[in-house]
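Remarks on the structure that follows.
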Amino acid sequence: MDDIKIFMLVVSTGGVIITAILTHFFTTKREKFSKVFEYKLKILKDVYTPVYRILLEGVNPFDGYEGISIKQFESIDEIIQVNLELVDPQLESIIWILKEEKYALYSHSNIDIDYVSLDEDRRLVDYVDFQYNYIRKQLGLPHDSGKITFVERFEIFKQRYKGKQNTKRAKSVIRKQKSSLKDK
28 MDDIKIFMLV
38 VSTGGVIITA
48 ILTHFFTTKR
58 EKFSKVFEYK
68 LKILKDVYTP
78 VYRILLEGVN
88 PFDGYEGISI
98 KQFESIDEII
108 QVNLELVDPQ
118 LESIIWILKE
128 EKYALYSHSN
138 IDIDYVSLDE
148 DRRLVDYVDF
158 QYNYIRKQLG
168 LPHDSGKITF
178 VERFEIFKQR
188 YKGKQNTKRA
198 KSVIRKQKSS
208 LKDK
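Just so you know, we're using the working numbering here: the sequence shown kicks off at 28 and counts up by one.
Given below as structure tokens:
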């Protein structure tokens with residue numbers, strides 16, 4: 028009889044411990060999921076939706092997307108600066124590239140800035156369109172499933188890799204030039 032009592036005590040204690048561990052595990056997982064969901068919703072509402080709307084203004088129904096104006100870019104840059112903690116590094120990198128293009132245009136005084144387009148290579152619009160639809164898909168919102176194909180994901184990956192390689196090459200050229208100037 029004592030063996031049965033001890034066995035029942037061990038089994039019930041083990042059941043309580045296992046239940047406590049599983050409850051802790053699933054509670055933390057649920058809390059993490061709800062936090063991630065909140066952040067993704069905030070990113071969608073505060074970053075991608077306003078930027079997406081501005082980019083849609085740059086689409087001509089007859090000609091398609093030909094780039095964005097300086098004013099549109101400045102609006103997008105303002106949204107990015109206000110929500111900098113929510114912006115992913117790839118979007119931030121694209122914005123910096125466009126800023127460099129803008130400053131290069133300002134350095135040429137003979138160009139009329141009002142009629143110049145940025146993002147003619149569609150890097151920004153393609154990235155924002157992809158992320159906008161991808162985040163909507165993750166949140167369970169209606170999305171354009173045709174926008175998120177394997178080929179497009181591969182192209183974006185390839186562009187990221189190519190951009191990183193170009194940055195590395197540029198840095199090495201700058202270092203070589205600096206070292207050659209120091210040697211002289």
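For glycine and all other residues, C-beta sits at the position ideal for the given N, C-alpha and C.
Comparing alpha-carbon positions, the option among 108, 203, 156 lying closest to residue 86 turns out to be 156. Boundaries of the alpha helix (DSSP H) around residue 132: 116–134. Contact between the segment 71–78 and the segment 99–107 is present: three or more C-beta pairs spanning the two stretches fall below 8 Å.
For residue 147, no alpha helix (DSSP H) run applies, since DSSP gives it neither H nor E. Straight-line spacing of the CA atoms in residue 119 and residue 206 works out to 30 Å.
Contact between residue 145 and residue 95 holds: their C-beta atoms lie close to 5 Å from each other, under 8 Å.
By the C-beta density criterion, residue 37 is exposed, having fewer than 16 other C-beta atoms within 10 angstroms.
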